[in-house]
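Student:
There are 2 protein chains.
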Amino acid sequence: MKKPRIVIIGAGFGGLEVAKNLKKAQAQIIVIDGRNYFLFQPLLYQVATAGLSPADIASPIRGVLRHQQNTDVVMKKVTGVDLQAQVVIAENEKISFDYLVLATGAHHGYFGHDNWENFAPGLKSISDATKIRRNILLAFEAAELEPDLEKRKALLTFVIVGAGPTGVELAGAISELSRRALASDFRHIDPRSAKIILIEASPQILASFSPGLSKKAAKALLKHGVEIRTNSRVGDINGEGVSIGSQKILAKTVIWAAGVVASPAGKWIDADVDYAGRIKVRQDLSVPGHRNIFAIGDTAAFIQDGKLLPGVSPVAMQQGRYLARLINAKIKGKEFESEFHYFNKGNLATVGRSFAVADLGRVKFAGFFAWVAWLVVHIYYLIGFRNRLLVIIQWAWAYLTFKPGARLIVSPEEDDQTGD
Amino acid sequence: MKKPRIVIIGAGFGGLEVAKNLKKAQAQIIVIDGRNYFLFQPLLYQVATAGLSPADIASPIRGVLRHQQNTDVVMKKVTGVDLQAQVVIAENEKISFDYLVLATGAHHGYFGHDNWENFAPGLKSISDATKIRRNILLAFEAAELEPDLEKRKALLTFVIVGAGPTGVELAGAISELSRRALASDFRHIDPRSAKIILIEASPQILASFSPGLSKKAAKALLKHGVEIRTNSRVGDINGEGVSIGSQKILAKTVIWAAGVVASPAGKWIDADVDYAGRIKVRQDLSVPGHRNIFAIGDTAAFIQDGKLLPGVSPVAMQQGRYLARLINAKIKGKEFESEFHYFNKGNLATVGRSFAVADLGRVKFAGFFAWVAWLVVHIYYLIGFRNRLLVIIQWAWAYLTFKPGARLIVSPEEDDQTGD
Numbered sequence: 006m007k008k009p010r011i012v013i014i015g016a017g018f019g020g021l022e023v024a025k026n027l028k029k030a031q032a033q034i035i036v037i038d039g040r041n042y043f044l045f046q047p048l049l050y051q052v053a054t055a056g057l058s059p060a061d062i063a064s065p066i067r068g069v070l071r072h073q074q075n076t077d078v079v080m081k082k083v084t085g086v087d088l089q090a091q092v093v094i095a096e097n098e099k100i101s102f103d104y105l106v107l108a109t110g111a112h113h114g115y116f117g118h119d120n121w122e123n124f125a126p127g128l129k130s131i132s133d134a135t136k137i138r139r140n141i142l143l144a145f146e147a148a149e150l151e152p153d154l155e156k157r158k159a160l161l162t163f164v165i166v167g168a169g170p171t172g173v174e175l176a177g178a179i180s181e182l183s184r185r186a187l188a189s190d191f192r193h194i195d196p197r198s199a200k201i202i203l204i205e206a207s208p209q210i211l212a213s214f215s216p217g218l219s220k221k222a223a224k225a226l227l228k229h230g231v232e233i234r235t236n237s238r239v240g241d242i243n244g245e246g247v248s249i250g251s252q253k254i255l256a257k258t259v260i261w262a263a264g265v266v267a268s269p270a271g272k273w274i275d276a277d278v279d280y281a282g283r284i285k286v287r288q289d290l291s292v293p294g295h296r297n298i299f300a301i302g303d304t305a306a307f308i309q310d311g312k313l314l315p316g317v318s319p320v321a322m323q324q325g326r327y328l329a330r331l332i333n334a335k336i337k338g339k340e341f342e343s344e345f346h347y348f349n350k351g352n353l354a355t356v357g358r359s360f361a362v363a364d365l366g367r368v369k370f371a372g373f374f375a376w377v378a379w380l381v382v383h384i385y386y387l388i389g390f391r392n393r394l395l396v397i398i399q400w401a402w403a404y405l406t407f408k409p410g411a412r413l414i415v416s417p418e419e420d421d422q423t424g425d
Numbered sequence: 006m007k008k009p010r011i012v013i014i015g016a017g018f019g020g021l022e023v024a025k026n027l028k029k030a031q032a033q034i035i036v037i038d039g040r041n042y043f044l045f046q047p048l049l050y051q052v053a054t055a056g057l058s059p060a061d062i063a064s065p066i067r068g069v070l071r072h073q074q075n076t077d078v079v080m081k082k083v084t085g086v087d088l089q090a091q092v093v094i095a096e097n098e099k100i101s102f103d104y105l106v107l108a109t110g111a112h113h114g115y116f117g118h119d120n121w122e123n124f125a126p127g128l129k130s131i132s133d134a135t136k137i138r139r140n141i142l143l144a145f146e147a148a149e150l151e152p153d154l155e156k157r158k159a160l161l162t163f164v165i166v167g168a169g170p171t172g173v174e175l176a177g178a179i180s181e182l183s184r185r186a187l188a189s190d191f192r193h194i195d196p197r198s199a200k201i202i203l204i205e206a207s208p209q210i211l212a213s214f215s216p217g218l219s220k221k222a223a224k225a226l227l228k229h230g231v232e233i234r235t236n237s238r239v240g241d242i243n244g245e246g247v248s249i250g251s252q253k254i255l256a257k258t259v260i261w262a263a264g265v266v267a268s269p270a271g272k273w274i275d276a277d278v279d280y281a282g283r284i285k286v287r288q289d290l291s292v293p294g295h296r297n298i299f300a301i302g303d304t305a306a307f308i309q310d311g312k313l314l315p316g317v318s319p320v321a322m323q324q325g326r327y328l329a330r331l332i333n334a335k336i337k338g339k340e341f342e343s344e345f346h347y348f349n350k351g352n353l354a355t356v357g358r359s360f361a362v363a364d365l366g367r368v369k370f371a372g373f374f375a376w377v378a379w380l381v382v383h384i385y386y387l388i389g390f391r392n393r394l395l396v397i398i399q400w401a402w403a404y405l406t407f408k409p410g411a412r413l414i415v416s417p418e419e420d421d422q423t424g425d
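Protein chains in written order, with my numbering: chain A, 6 to 425; chain B, 6 to 425.
Here it is as structure tokens:
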């Protein structure tokens with residue numbers, strides 16, 4: 006009898022976890038992704054701030070699943086799902102499924118102001134990260150050559166919109182880049198005079214943390230010279246900078262770390278989605294109206310105890326493991342009644358070197374040890390010993406020398422003035 | 006009395022060497038480059054074959070010269086030189102000079118077939134390298150999904166045009182990628198069946214080496230499954246592949262490692278140049294007709310003992326050191342009679358893992374120890390301890406596991422299917 010086919014769209018934290026935990030399943034598993042690598046999103050901000058190279062936080066999907074003989078990796082962009090025929094449409098191909106897992110993640114959303122993207126790139130992909138790295142480093146280069154003081158000030162002003170973990174970590178890293186790494190690199194400007202402004206619409210930064218920890222993080226950011234503007238809603242972003250109400254902040258570099266919207270997966274199966282395009286799933290992660298289609302991670306809106314689960318990797322991974330167990334049971338024709346329940350191990354966020362905040366529910370702490378915990382957790386979840394080793398060394402190096410290593414401005418239209 | 010100003014265009018091996026050796030000069034030194042980093046060209050082929058990350062072989066120019074207070078780094082693209090006014094024109098700026106050093110290097114040239122570049126990219130810049138890496142990895146991905154056997158064969162055929170050190174090193178590295186790293190990654194194709202063809206117009210590969218070593222290198226390449234075609238002149242390159250005379254090789258991936266042409270520096274000062282655009286310099290590296298303008302490295306055609314010096318980094322570095330001494334003497338009003346003389350320490354080229362050829366003039370050897378020598382030399386000349394450490398570790402890792410780590414397909418138009 007033919008093995009059931011499980012199609013997983015998206016090889017992020019959630020999708021890969023499903024695939025890995027179906028290693029022994031009597032099924033044919035097909036993982037489809039438009040990219041050939043898994044990206045360790047939580048460290049992407051370090052690529053954007055010249056701390057790490059893209060390859061350090063990415064692992065080829067085929068490499069991760071190489072020894073899983075029941076699994077096939079297809080590098081294609083999915084454009085839709087044909088529910089009638091029960092097939093996924095990936096470019097020119099139709100891939101039939103018995104079970105479908107939608108793990109296509111999210112990308113940054115601009116609350117309807119899509120034109121803001123041109124001036125304030127978000128941070129979701131490697132090309133986003135290298136573009137932001139380029140923008141930041143080019144701003145210092147341009148400032149060095151800019152005689153006009155006003156323009157120079159705008160070039161040395163960096164605005165980050167959104168004070169979640171990513172925004173906070175970006176602010177801390179940019180501050181260190183300007184205060185330490187680049188401090189003695191220039192002759193006509195003092196990079197330490199760079200202004201870093203973190204804008205947050207809600208009343209506190211790191212909203213997912215306790216008010217106490219949020220205050221501690223804010224204090225640490227201030228020590229790093231980061232200016233924090235809470236209760237500030239961005240009205241407009243353009244080539245000049247950012248406006249908040251009637252006030253205008255002149256800044257050449259603006260980074261978007263605010264809203265995200267789910268991938269179009271919801272539309273593919275015209276499911277019921279929430280305001281951010283997340284599919285409203287049942288307690289077993291299945292999509293209402295479909296018994297064999299599931300959504301996890303940032304693609305799913307899962308309500309637990311009346312609250313929406315956050316779009317973080319632990320949620321995606323736990324959902325992935327749960328879903329693998331559920332599908333395995335279904336394949337074996339076993340009953341599987343238990344509902345998914347997210348166990349929150351806690352939240353961590355780092356603020357520059359040697360300081361982080363850790364919210365482990367009952368236990369809450371901030372400072373050096375929270376930072377060490379942050380290091381350990383991130384190294385632990387990084388796929389592949391090689392990447393772990395390289396990241397540890399580069400962190401140690403940057404920690405001791407204050408000099409992140411990947412300070413490269415590379416653009417596709419890179420000019421070739423120097424052949425060497 | 007005003008300090009003389011020395012303008013160096015190009016921060017490659019040659020230009021940086023001039024700047025570094027003028028550290029103590031009573032002069033104002035300005036280094037102009039369109040990029041913000043020095044690129045360690047000799048290892049660029051490893052970025053193209055997924056062995057290293059760009060940042061591992063690049064160092065920010067400002068970082069290299071940070072402690073040199075008499076030196077200014079300007080990141081701009083030079084578009085010309087105004088000899089009348091004695092100024093360099095860099096974008097919107099005019100930079101005057103008392104001494105001008107042209108160290109702008111070379112880029113790949115197609116002997117008048119510029120349209121070939123679309124099908125056979127060369128390997129001179131980081132974006133070249135990541136593009137080639139993308140092409141190679143995408144070819145395997147496409148082959149995995151290609152039902153048509155003929156098309157699949159074309160996808161798994163890799164042609165390298167030009168069998169100098171770069172071509173040979175590329176061939177060896179691609180062979181290992183297909184024979185080792187990717188061997189177990191695919192389900193429908195066997196990457197080991199990939200065909201790697203090295204095309205050379207002259208009768209022997211590694212023409213700069215002795216016939217004996219060239220033969221040994223050829224044997225090593227054959228052992229790696231590389232097909233060598235000497236005495237073969239490419240007639241055409243297009244989307245289908247490469248034609249040699251009447252024969253057509255169907256190949257989706259073609260890499261250009263043949264000719265290079267010098268940068269337009271010669272035109273800027275309308276100097277007398279050779280067939281490849283290199284400025285014919287005097288024995289003191291000055292440009293005929295100018296006492297204060299010099300050309301070095303790939304920008305210069307220097308004839309020693311009736312032979313043109315090769316476009317390799319040792320030549321550029323030795324010329325750079327010589328020129329720094331010469332300019333220093335001129336500044337001090339001292340006589341400086343000695344002419345430049347290149348001391349050839351020897352040539353090294355590696356053929357995949359554990360094998361290299363070393364031509365040290367009298368001493369010639371091939372095999373494992375030549376390979377160790379190659380490792381040591383390249384690590385030694387790599388700028389910055391951090392880069393050295395990272396490269397050593399990644400080489401050790403790749404050597405032990407046969408798996409290069411940077412197997413990333415990243416394109417600017419990278420699609421965002423997986424938000425994570």
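All C-beta atoms, glycine included, are put in the ideal place defined by N, C-alpha and C.
Keep in mind that this is a model prediction, so the values were computed, not measured.
If the criterion is Cβ atoms closer than 9 Å, does the pair Val-164(B) and Val-259(B) meet it?
Tutor: Counting from 1 along the second sequence, the entry for residue 164(B) is found at position 159. Counting from 1 along the second sequence, the entry for residue 259(B) is found at position 254. Taking 9 Å as the Cβ cut-off, Val-164(B) and Val-259(B) qualify as a contacting pair.
Student: Taking only runs of the alpha helix (DSSP H) that begin and end inside the stretch 74-152 of chain B, which ones reach a length of at least 4 residues, in chain order?
Tutor: Correct list: 131-150.
Student: With contact counted as at least three CB pairs below 8 Å, one residue from each stretch, are the stretch 329-348 of chain B and the stretch 17-37 of chain B in contact?
Tutor: yes
Student: Mind checking if Asp-195(A) is an interface residue toward chain B, Cβ cutoff 9 Å exclusive?
Tutor: What you label residue 195(A) is simply residue 190 of the first sequence in a count that begins at 1. No, because no Cβ of chain B sits closer than 9 Å to the Cβ of Asp-195(A).
Student: For Lys-221(A), which three-state DSSP category applies?
Tutor: In the first sequence, the residue the question calls residue 221(A) occupies position 216. If DSSP states are grouped into helix, strand and coil, Lys-221(A) belongs with the helices.
Student: Where does the unbroken beta strand (DSSP E) through Val-356(B) begin, and where does it stop?
Tutor: Counting from 1 along the second sequence, the entry for residue 356(B) is found at position 351. Per DSSP, Val-356(B) belongs to no beta strand (DSSP E) and is neither H nor E.
Student: Within 9 Å (strictly less), CB to CB, does Leu-48(B) reach chain D?
Tutor: This model lacks chain D altogether, as its protein chains are A and B.
Student: Please give me, in chain order, every unbroken run of the beta strand (DSSP E) with length at least 3 that falls completely inside the stretch 33-58 of chain A.
Tutor: Those beta strand (DSSP E) runs which fall completely within the stretch 33-58 of chain A and span 3+ residues are 33-38 and 42-44.
Student: Keeping to the same chain, check which residues put their C-beta closer than 6 Å to that of Asp-61(A); ignore five residues upstream and five downstream.
Tutor: Locating residue 61(A) in the first sequence gives position 56, where the first residue counts as 1. For Asp-61(A), where only same-chain residues beyond five positions count, the Cβ hits under 6 Å are Asn-392, Leu-395 and Val-396.
Student: Please go through the stretch 261-346 of chain A and give each complete alpha helix (DSSP H) segment of 4 or more residues, from N-terminal end onward.
Tutor: Correct list: 270-273 and 318-336.
Student: Count the C-beta pairs between the stretch 112-122 of chain B and the stretch 252-271 of chain B that are closer than 8 Å, then say yes if the count reaches three, no if not.
Tutor: yes
Student: Any chance the stretch 32-41 of chain A sits against the stretch 73-85 of chain A, with 3 or more Cβ pairs inside 8 Å?
Tutor: yes
Student: Using a Cβ-Cβ distance cut-off of 9 Å, determine whether Arg-67(B) contacts chain A.
Tutor: Walking along the second sequence from the start, residue 67(B) turns up at place 62. It does; some Cβ of chain A falls within 9 Å.
Student: Against chain B, does Ala-30(A) count as a neighbour if the rule is that its beta carbon must be under 9 Å from one of theirs?
Tutor: For the purposes of this step, residue 30(A) is identified with residue 25 of the first sequence, where counting begins at 1. Under the Cβ distance rule, Ala-30(A) does not count among the residues neighbouring chain B, no pair being separated by less than 9 Å.
Student: Using a 10 Å radius around the Cβ and a threshold of 16 neighbouring Cβ atoms, would you call Thr-355(B) buried or exposed?
Tutor: Taking the first residue of the second sequence as position 1, residue 355(B) is located at position 350. With 16 or more other Cβ atoms within 10 Å, it is buried.
Student: According to DSSP, is Glu-419(B) part of a helix, a strand, or is it coil?
Tutor: Position 414 of the second sequence holds residue 419(B). Residue placement at Glu-419(B) is flagged as unreliable, the pLDDT there being 42, under the threshold of 50; the coordinate-derived value follows with that caveat. Reduced to three states, the DSSP call for Glu-419(B) is coil.
Student: Report yes if the C-beta distance between Gly-3(B) and Ile-249(B) is below 9 Å; otherwise report no.
Tutor: Look at the range of chain B in this structure, 6 to 425, and you will see that residue 3(B) is not part of it.
Student: Using three-state DSSP, classify Ala-371(A) as helix, strand or coil.
Tutor: What you label residue 371(A) is simply residue 366 of the first sequence in a count that begins at 1. For Ala-371(A), the three-state secondary structure derived from DSSP is strand.
Student: So what does Gly-246(B) bridge to, in DSSP terms?
Tutor: One-based indexing of the second sequence puts residue 246(B) at position 241. BP columns for Gly-246(B) point to Leu-255(B).
Student: By the 10 Å Cβ neighbour count, where 16 or more other Cβ atoms means buried, how is Asp-38(A) classified, buried or exposed?
Tutor: Against the first sequence, residue 38(A) aligns to sequence position 33. The residue in question, Asp-38(A), is buried, as its Cβ has 16 or more Cβ neighbours within 10 Å.
Student: Who are the Cβ neighbours of Tyr-347(B) in its own chain at under 7 Å, not counting the five residues just before and after it?
Tutor: Mapped onto the second sequence, residue 347(B) falls at position 342. The residues are Gln-309, Leu-314, Val-320 and Gln-323.
Student: Quick one: using the 10 Å Cβ neighbour count with 16 as the cut-off for buried, is His-383(A) buried or exposed?
Tutor: Here residue 383(A) refers to the residue found at position 378 when the first sequence is read from its first residue. Buried, since its Cβ has 16 or more Cβ neighbours within 10 Å.
Student: To which residues does DSSP link Thr-235(A) through a beta bridge?
Tutor: In the first sequence, the residue the question calls residue 235(A) occupies position 230. Paired residue(s): none; Thr-235(A) is not in a bridge.
Student: From Ser-64(A) to Leu-413(B), what does the alpha carbon distance come to, in whole angstroms?
Tutor: What you label residue 64(A) is simply residue 59 of the first sequence in a count that begins at 1. What you label residue 413(B) is simply residue 408 of the second sequence in a count that begins at 1. Taking the straight line from one Cα to the other gives about 8 Å.
Student: Would you grab the beta carbon distance between Ala-199(B) and Ile-210(B) for me? Rounded to a whole angstrom, and I think it's under 8 Å.
Tutor: The residue given as residue 199(B) occupies position 194 in the second sequence. The residue given as residue 210(B) occupies position 205 in the second sequence. Actually they are not in contact, since the Cβ atoms of Ala-199(B) and Ile-210(B) sit about 20 Å apart, beyond 8 Å.
Student: Can you confirm whether Lys-81(A), when its beta carbon is compared against all beta carbons of chain B, has any partner nearer than 9 Å?
Tutor: Start at 1 with the first residue of the first sequence, and residue 81(A) comes out as number 76. Taking Cβ atoms only, chain B reaches closer than 9 Å to Lys-81(A), which makes this a yes.
Student: Can you find a CB in chain A that lies within less than 9 Å of the CB of Ile-414(B)?
Tutor: Residue mapping note: residue 414(B) aligns to position 409 of the second sequence, counting from 1. Cβ-Cβ to chain A under 9 Å: yes for Ile-414(B).
Student: Determine the DSSP secondary structure at Lys-5(B), reduced to helix, strand or coil.
Tutor: For residue 5(B) there is no data in the structure shown, the boundaries of chain B being 6 and 425.
Student: For Pro-352(A), is the classification buried or exposed, using 16 other Cβ atoms within 10 angstroms of its Cβ as the cut-off for buried?
Tutor: Stepping through the first sequence from its first residue, residue 352(A) is reached at position 347. The residue you asked about is not Pro; residue 352(A) is Asn in the sequence shown. Asn-352(A) is buried by the Cβ-count criterion.
Student: Between the alpha carbons of Leu-107(A) and Leu-70(A), how many angstroms are there, rounded?
Tutor: Locating residue 107(A) in the first sequence gives position 102, counting from the first residue. Locating residue 70(A) in the first sequence gives position 65, counting from the first residue. Near 18 Å, if we compare the C-alpha coordinates of Leu-70(A) and Leu-107(A).
Student: Identify the contact partners of Ser-189(A) in chain B, using a Cβ-Cβ distance below 7 Å as the criterion.
Tutor: Numbered from 1 along the first sequence, position 184 holds the residue referred to as residue 189(A). The contacting residues are Arg-71.
Student: Quick one: what's got a C-beta closer than 6 Å to Gly-271(B)'s C-beta in the same chain, skipping five residues either side?
Tutor: Taking the second sequence and counting its residues from 1, the one referred to as residue 271(B) is at position 266. So the qualifying residues of the chain are Val-278, Gly-282 and Ile-284.
Student: Quick one: list the residues of chain A neighbouring Leu-142(B), beta-carbon separation under 9 Å, in chain order.
Tutor: Taking the first residue of the second sequence as position 1, residue 142(B) is located at position 137. Going along chain A in sequence order, the residues near Leu-142(B) (Cβ under 9 Å) are Asn-41 and Pro-65.
Student: When the distance is taken between beta carbons, is His-72(A) closer than 9 Å to Ser-189(B)?
Tutor: Stepping through the second sequence from its first residue, residue 189(B) is reached at position 184. Stepping through the first sequence from its first residue, residue 72(A) is reached at position 67. The Cβ atoms of Ser-189(B) and His-72(A) sit closer than 9 Å to each other.
Student: Whose C-beta lies closer than 7 Å to the C-beta of Ala-148(A) among residues of the same chain, with five residues either side of it excluded?
Tutor: Numbered from its first residue, the first sequence carries residue 148(A) at position 143. Only Arg-157, Leu-160, Leu-161 and Ile-194 meet the Cβ criterion.
Student: Within a Cβ cutoff of 6 Å, which residues of the same chain sit near Met-80(B), ignoring the five residues on either side of it in sequence?
Tutor: Reading the second sequence from its first residue, position 75 is the one you call residue 80(B). Closer than 6 Å at Cβ, skipping near neighbours: Asn-41.
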